[in-house]
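For reference, the structure is listed below as structure tokens.
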Amino acid sequence: NAGVTQTPKFRVLKTGQSMTLLCAQDMNHEYMYWYRQDPGMGLRLIHYSVGEGTTAKGEVPDGYNVSRLKKQNFLLGLESAAPSQTSVYFCASSYVANEQYFGPGTRLTVT
Amino acid sequence: GENVEQHPSTLSVQEGDSAVIKCTYSDSASNYFPWYKQELGKGPQLIIDIRSNVGEKKDQRIAVTLNKTAKHFSLHITETQPEDSAVYFCAASIGGADGLTFGKGTHLIIQP
Chain S
390 NAGVTQTPKF
400 RVLKTGQSMT
410 LLCAQDMNHE
420 YMYWYRQDPG
430 MGLRLIHYSV
440 GEGTTAKGEV
450 PDGYNVSRLK
460 KQNFLLGLES
470 AAPSQTSVYF
480 CASSYVANEQ
490 YFGPGTRLTV
500 T
Chain E
351 GENVEQHPST
361 LSVQEGDSAV
371 IKCTYSDSAS
381 NYFPWYKQEL
391 GKGPQLIIDI
401 RSNVGEKKDQ
411 RIAVTLNKTA
421 KHFSLHITET
431 QPEDSAVYFC
441 AASIGGADGL
451 TFGKGTHLII
461 QP
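Line order of the protein sequences matches chains S and E. All residue numbers for the first sequence refer to this note's numbering, where the first residue is 390 and numbers rise by one. All residue numbers for the second sequence refer to this note's numbering, where the first residue is 351 and numbers rise by one.
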């Protein structure tokens with residue numbers, strides 16, 4: 390049981406470039422989440438999904454898009470990266486709405 | 351929406367002493383309160399949680415207490431050990447699909 394995995398672990402982008410972060414879980418969880426973590430800000434919810442084919446906006450969705458084509462995968466896209474999107478991105482999943490289990494994170498730097 | 355305040359931002363204790371981290375929440379409808387431990391370079395790990403129908407929960411050296419009237423909850427770690435050094439986050443939820451609202455974290459330092 391790998392739990393929640395994230396790809397890649399690190400990435401450096403130039404302003405205006407695009408990329409996709411992949412989250413995968415093998416626990417058959419219905420709910421999946423994308424957070425960003427910035428120094429002194431805690432974790433803030435970007436987007437979430439309550440099941441395959443569904444997505445919804447969280448607290449800070451601007452500049453990001455998501456897709457949940459398969460139950461086990463949740464993709465986070467940046468269409469045109471900006472320096473303000475430099476952050477550590479965490480994916481989480483849960484069977485019920487509350488008990489979330491987190492992946493190891495992706496450290497993204499936008500120059 | 352929900353707002354969670356966490357104090358202190360940094361806590362330094364001697365090995366073997368107890369540590370207490372406190373959180374307050376704003377939405378009286380919140381009913382689920384987890385605590386996460388985050389070690390350097392890793393994702394947050396759920397260590398204990400409590401629901402609004404319970405006042406206290408213990409798991410070995412860690413315990414969480416909840417005061418619904420005052421809208422605050424606390425994490426207690428007894429007999430602290432070097433491996434307890436980490437950043438701890440509290441969170442609150444009303445049980446909706448949009449998940450958890452996190453505090454800003456407490457950096458716990460265990461002094462040898």
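C-beta: ideal position from N, C-alpha, C; glycine also. Note that the coordinates shown come from a computational prediction; the quantities given were computed from them, not determined experimentally.
DSSP places L450/E in no beta strand (DSSP E); its state is neither H nor E. In the structure shown, P428/S adopts coil according to DSSP, grouped into three states.
Its chain contains E429, T430 as the residues whose beta carbon lies nearer than 7 Å to that of G366/E, once the 5 sequence neighbours on both sides are disregarded; these appear in chain order. Cβ-Cβ distances below 6 Å link G466/S to T409, N454 in the same chain, with the five nearest sequence neighbours on each side left out; the list follows chain order.
Legend: CB atoms of the segment 476-497 of chain S lying less than 7 Å from CB atoms of chain E belong to residues F479, A486, N487, E488, Q489, Y490, F491, G492, P493, G494.
As computed with DSSP, T430/E is found in no beta bridge at all. Non-local beta-carbon contacts of E441/S in its own chain, meaning distances under 8 Å to residues more than five positions away in sequence, involve R457, L458, K459, K460 in chain order. Sixteen is the threshold: when 16 or more other Cβ atoms of the shown chains lie within 10 Å of the Cβ of H418/S, as they do, the residue is buried. Under the three-pair Cβ rule at 8 Å, the segment 485-499 of chain S counts as touching the segment 383-402 of chain E.
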